[in-house]
């Protein structure tokens, strides 16, 4: 029997994907009799074929899918014939669920792209094809379905094949097999049809049974991301993972990335069985001698061919989040078994899915494909996706909701990632703070416009200066005259505004200063990013709280009135959101407290939780 084939079935809404899979399962005798009876009953209520059995219901398992007649979730089914075993992912066709389709493509060896003969190649057809190519799928079957509804017209089939061929050639797909089919009758799907004597090629099932799976080239270096450190007792320490590439044998010299430590393989376990060697695809536990520091997310590699390490990349993305991608916004990045902080530093272009042209873009919207520059908060071991799916594919996760925001593939590291390093300085932050007799910190005031931030920040700055402390005040309006003068008030610009100010505040804290930041900073993710730049105890988030009504009533600059009249767009609290801090270090209710009382609370909190070195000595 040939090796198992994983394939993804994709196409637009109502192209017949679920019917294709149902027909394959039925004709290959992979449906139990009780399941078939259930589908026959359900066909009366949910089916689209009158009294006939609707085989699509074998796959459309969700109630919403049955009632709407569309596929929402990814549906995985396995079946086999005497010649091969198959795992098929039925991918959603609606543009809204493109994110699910990308999931199915990420592990597929082949893609079956379905096209309705009556509709031809659609923009969603091109989008799906570009996504499967992005995730390394190079073998595609173009299944032109519902040929029975166009009288098995050869000209229609050839026209669709030519249109799709232009897309495939532009993307660089190596092999496209075009097959005219009728999923409803099974013609050219599981048996040769007599209605199209002009077609002499294989059925879809025959092609799937005989197509060769592209194997990685021989001689690849050994790579294994560490998924788990196994310590069942004090005398055993093993490193568990799946071999992503190459082979490993007992006694082999290995290196651990990103640290660069070296060791040798002492033993290899597959399950609880000792083995002399392991190869790509094996799930193993390795022990090393001598034992070195290895953690989850490290990569064990051949000592002579270490894995690359970098913290800046060029990558392709499929954007999956309802909220647009904003440059500079922090996300969690999961690359193989490692999770790090990451942000897109530049959107190089957005891809026009219909013709492949590269379009300038400042954001990526839901289902957009684009090429970006990406930076991580620490160096990570990786490989370009074209070399290794396991080490080059990643997802970005929204830190606030834990939702998957994007799926991506690494193209290559950016050269400056290797050329730019931290310069070690002789005068440290500790030295500078001791000279100033204070503990440096960032006091971050957030709140809506007119909540009282600037007044409180100015009073706090003055009081601390009178007390002899070394401070600096970063005010939202002031920095827009210089550092951020090129930024507007869109969401993307607000994200970049806070990123720049956060980095400046970190430098000021490094200089030993108490830096007071007074910014609306409306998004939690950006405030969390700012906090992440500082050591524990160096960042204090202060929520200057006032209701929208109170802020609009104060309105010292007349901005709320203009925003409500539509004269100002993207104004926080009116047509742009403000995300209230969920757990601030200090909340100041400026509807109940005077500015002076707020400063009293602030200085009391600073003296108690962030004392100066001189105060600590006493």
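Numbering (our numbering), first residue to last: 693 to 1310. Note that the Cβ used here is the ideal one computed from N, Cα and C, for glycine as well.
Consult DSSP for residue i and reduce its assignment to one of helix, strand or coil.
i            : result
residue 961  : strand
residue 1287 : helix
residue 763  : Note that residue 763 scores 44 on pLDDT, short of 50, meaning its location in the model is unreliable; the coordinates nonetheless yield the value given after this. In the structure shown, residue 763 sits in coil (DSSP, three-state: anything other than H, G, I, E or B).
residue 917  : strand
residue 1237 : strand
residue 720  : coil
residue 849  : helix
residue 1004 : strand
residue 769  : strand
residue 1374 : Outside the displayed span of the chain (693 to 1310) sits residue 1374, for which this structure offers no information.
residue 860  : helix
residue 1022 : strand
residue 814  : coil
residue 902  : helix
residue 803  : strand
residue 1015 : coil
residue 1229 : coil
residue 715  : helix
residue 706  : coil
residue 869  : strand
residue 1212 : coil
residue 697  : strand
residue 888  : coil
residue 842  : helix
residue 927  : coil
residue 874  : strand
Beta-carbon separation of residue i and residue j under 7 angstroms?
i            : j            : result
residue 953  : residue 984  : yes
residue 871  : residue 884  : no
residue 801  : residue 707  : no
residue 956  : residue 981  : yes
residue 1134 : residue 1187 : no
residue 823  : residue 797  : yes
residue 1237 : residue 1167 : no
residue 932  : residue 919  : yes
residue 1001 : residue 1071 : yes
residue 1194 : residue 1165 : no
residue 1036 : residue 1064 : yes
residue 1121 : residue 1202 : yes
residue 1045 : residue 818  : yes
residue 835  : residue 813  : no
Rounded to whole angstroms, what's the CA-CA distance from residue i to residue j? Just pull it up for me.
i            : j            : result
residue 1020 : residue 1007 : 15 angstroms
residue 962  : residue 924  : 16 angstroms
residue 1091 : residue 830  : 33 angstroms
residue 1231 : residue 1279 : 15 angstroms
residue 1096 : residue 1023 : 10 angstroms
residue 1043 : residue 1129 : 55 angstroms
residue 699  : residue 887  : 27 angstroms
residue 704  : residue 811  : 10 angstroms
residue 1276 : residue 1138 : 10 angstroms
residue 1142 : residue 1246 : 7 angstroms
residue 1031 : residue 1025 : 5 angstroms
residue 1243 : residue 1140 : 7 angstroms
residue 1084 : residue 1217 : 26 angstroms
residue 821  : residue 1018 : 26 angstroms
residue 1009 : residue 1086 : 9 angstroms
residue 951  : residue 850  : 56 angstroms
residue 1271 : residue 779  : 43 angstroms
residue 792  : residue 702  : 11 angstroms
residue 1081 : residue 867  : 20 angstroms
residue 1190 : residue 1222 : 8 angstroms
residue 964  : residue 949  : 26 angstroms
residue 1073 : residue 915  : 10 angstroms
residue 696  : residue 1057 : 36 angstroms
residue 852  : residue 894  : 18 angstroms
So is residue i buried or exposed if we call it buried at 16+ other beta carbons inside 10 Å?
i            : result
residue 1093 : exposed
residue 729  : exposed
residue 1119 : exposed
residue 1003 : buried
residue 1034 : buried
residue 847  : exposed
residue 890  : exposed
residue 1013 : buried
Report yes if the C-beta of residue i is less than 6 angstroms from at least one heavy atom of the ligand MN; otherwise report no.
i            : result
residue 1198 : Of ligands this structure carries none, so the ligand MN is not represented either.
Task: Ordered list of beta strand (DSSP E) runs contained in the segment 935–981, each at least 3 residues - done: 939–941, 945–949, 953–962, 965–967, 969–971, 975–981
Open item on the list: Could you tell me which whole beta strand (DSSP E) segments of length 3 or greater appear in the segment 1028–1106?
Closed with: 1030–1043, 1061–1074, 1085–1089, 1096–1105
- [ ] Could you name each continuous beta strand (DSSP E) segment of 3 residues or more that falls completely within the segment 1119–1204, going from the start of the chain to the end?
- [x] 1133–1138, 1163–1167
TODO: Tell me the start and end of each unbroken alpha helix (DSSP H) in the segment 1245–1284 that is at least 4 residues and wholly inside, in chain order.
DONE: 1251–1256
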